[in-house]
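Each residue of the sequence shown is one higher than the one before, counting from 8 in the numbering used here.
C-beta atoms are modelled at their ideal positions from N, C-alpha and C, and glycine is treated no differently.
Computed from a prediction, not measured in an experiment: that's the story for all the values here.
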Amino acid sequence: MANPGPSWHAEGAGDFNGDGNADILWQNEDGAPAIWLMNGASVIGGGDLPNPGPSWHVAGIDDFNSDGNADILWQNDDGTPAIWLMNGVSLIAGGIAGNSSSGSSAATAVSSAALRSAILGSDSMQFTSDASAGATLNATAGRDNFDFTSYAAGAHSISGFDPSQDLVELSKVNFANIADLQAHSTASGGSTLIALDGASSLLIQGVQPSDLHDSNFVFV
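What follows is the structure, given as structure tokens:
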């Protein structure tokens, strides 16, 4: 098998694609998970999964919905557990399973927001990013995740954004939370203009700031 590197750690094995062979679940030190689909000692497929962030850790692997495919049990540093229902390397559903700690409901809400990009990141979601400036990223008819955690200086645009299903992923280096984002957002000719930093901006075309809500953004 290939060496994934020292930042990747094997978290467990389970049959994620229902072929009767155990597969390997990995997690990177930055939180990113990945699955190797196996046939004996041979890697026959696999892929990266949405990154829930480094505060989430794999706590177990089991078939929680009895569909013949292994699923993933997570636990956050605050104690909150969550389950991802899997079909091979595709996340088909997921959510908070309840908070096993004595923490407040607010802690659960924060955890839910942190997981939002991963929960929405099913096989029907397209992940889109473009480091260059001056280009327009076009939404598809399905769910889209526009990654602006890293970008070039200049103007960026999104066309066709659907507030009912689409997501923008931003860095905590730029925005601490949704309130901070709103403070840097203005209406611009029927669109929303977000000041990413002093040299860069993001225009969400045809969508007013009042049309956007916290479920459209995740901060990593």
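(message) Excluding the 5 residues flanking A140 on each side, which residues of the same chain have their C-beta closer than 8 Å to its C-beta?
(response) Along the sequence shown, read from residue 1 onward, the residue named residue 140 stands at position 133. Excluding the 5 residues flanking it on each side, A140 has same chain C-beta neighbours closer than 8 Å at Y158, A159, A160, G161, A162, H163, S207, in chain order.
(request) Work out the CA separation of D70 and I246 for me, nearest whole Å. (result) No statement about residue 246 is possible, as the shown extent of the chain runs from 8 to 227 and does not include it.
(request) Rank L92, D22, P11 by C-alpha distance to the C-alpha of N46 and give the top, closest one. (result) One-based indexing of the sequence shown puts residue 46 at position 39. Of the candidates L92, D22, P11, the residue whose Cα lies closest to the Cα of N46 is D22.
(request) Could you check if E176 is buried or exposed, using at least 16 other CB atoms within 10 Å of its CB as the buried criterion? (result) Residue numbering aside, residue 176 sits at position 169 when the sequence shown is read from its first letter. When all chains shown are included, E176 counts as buried.
(message) Which of the three DSSP states is assigned to Q189 in this structure?
(response) Mapped onto the sequence shown, residue 189 falls at position 182. Q189: helix per DSSP, three-state reduction.
(message) Please state the DSSP three-state secondary structure of S97.
(response) Indexing the sequence shown from 1 puts residue 97 at position 90. Assignment of S97 by DSSP, reduced to helix, strand and coil, places it in the strand class.
(message) Using only the alpha-carbon positions, how far apart do N72 and W81 sit?
(response) As a first step, residue 72 is located in the sequence shown; it is residue number 65 there, counting from the start. As a first step, residue 81 is located in the sequence shown; it is residue number 74 there, counting from the start. Distance between the alpha carbons of N72 and W81: 16 Å.
(request) Report yes if the C-beta distance between D169 and D154 is below 9 Å; otherwise report no. (result) Position 162 of the sequence shown, counted from the start, is the residue given in the question as residue 169. Position 147 of the sequence shown, counted from the start, is the residue given in the question as residue 154. Using a Cβ distance threshold of 9 Å, D169 and D154 do not count as a contacting pair.
(message) Comparing C-alpha positions only, which one of L209, G205, L188 sits nearest to S198?
(response) Here the question's residue 198 lines up with position 191 in the sequence shown. Of L209, G205, L188, the residue nearest in Cα terms is L209.
(request) Just tell me which of G196, L219, P61 has its CA closest to the CA of V227. (result) As a working note, residue 227 is residue 220 in the sequence shown. In terms of CA proximity to V227, P61 leads the group G196, L219, P61.
(message) Counting only C-beta atoms, is T87 closer than 9 Å to chain B at any point?
(response) Considering every chain present, this structure includes no chain B. It has just one protein chain.
(request) Using 10 angstroms around the beta-carbon of G95, count the other beta-carbons present and answer buried if the total reaches 16, otherwise exposed. (result) Here residue 95 refers to the residue found at position 88 of the sequence shown. Its Cβ being crowded by 16 or more others within 10 Å, G95 is buried.
(message) So, under 8 Å CB-CB, W63 and G38 are touching, yes? Tell me the CB distance rounded to an integer number of Å.
(response) Start at 1 with the first residue of the sequence shown, and residue 63 comes out as number 56. Start at 1 with the first residue of the sequence shown, and residue 38 comes out as number 31. Indeed, because the Cβ distance is near 6 Å, the residues count as touching under 8 Å.
(request) Report the option in D26, D187, G67, N184 whose CA atom is closest to the CA atom of W33. (result) The count along the sequence shown starts at 1 and reaches residue 33 at position 26. When each option's Cα is compared against that of W33, the closest is G67.
(request) Just mark A190 as buried or exposed, buried being the case when its beta carbon has 16 or more other beta carbons within 10 Å. (result) By one-based count along the sequence shown, residue 190 stands at place 183. Per the 10 Å Cβ criterion, exposed.
(message) Measuring straight from C-alpha to C-alpha, what distance separates A202 and Q172?
(response) To locate residue 202, count along the sequence shown from 1; it is residue 195. To locate residue 172, count along the sequence shown from 1; it is residue 165. Taking the straight line joining both Cα atoms gives about 22 Å.
(request) Check the C-beta distance from V50 over to M8 and give it rounded, since I have them as a contact under 8 Å. (result) Counting from 1 along the sequence shown, the entry for residue 50 is found at position 43. Counting from 1 along the sequence shown, the entry for residue 8 is found at position 1. The C-beta distance from V50 to M8 rounds to 6 Å, short enough to meet the 8 Å contact threshold.
(request) Output the distance between the C-alpha atoms of P88 and I79, rounded to the nearest integer angstrom. (result) To locate residue 88, count along the sequence shown from 1; it is residue 81. To locate residue 79, count along the sequence shown from 1; it is residue 72. Each residue's alpha carbon lies about 10 Å from the other.
(request) Measuring alpha carbon to alpha carbon, tell me which of D55, D218, G75, P40 ends up nearest N24. (result) Sequence index remark: in the sequence shown, residue 24 carries index 17 (1-based). Taking only the C-alpha atoms, the option nearest N24 is G75.
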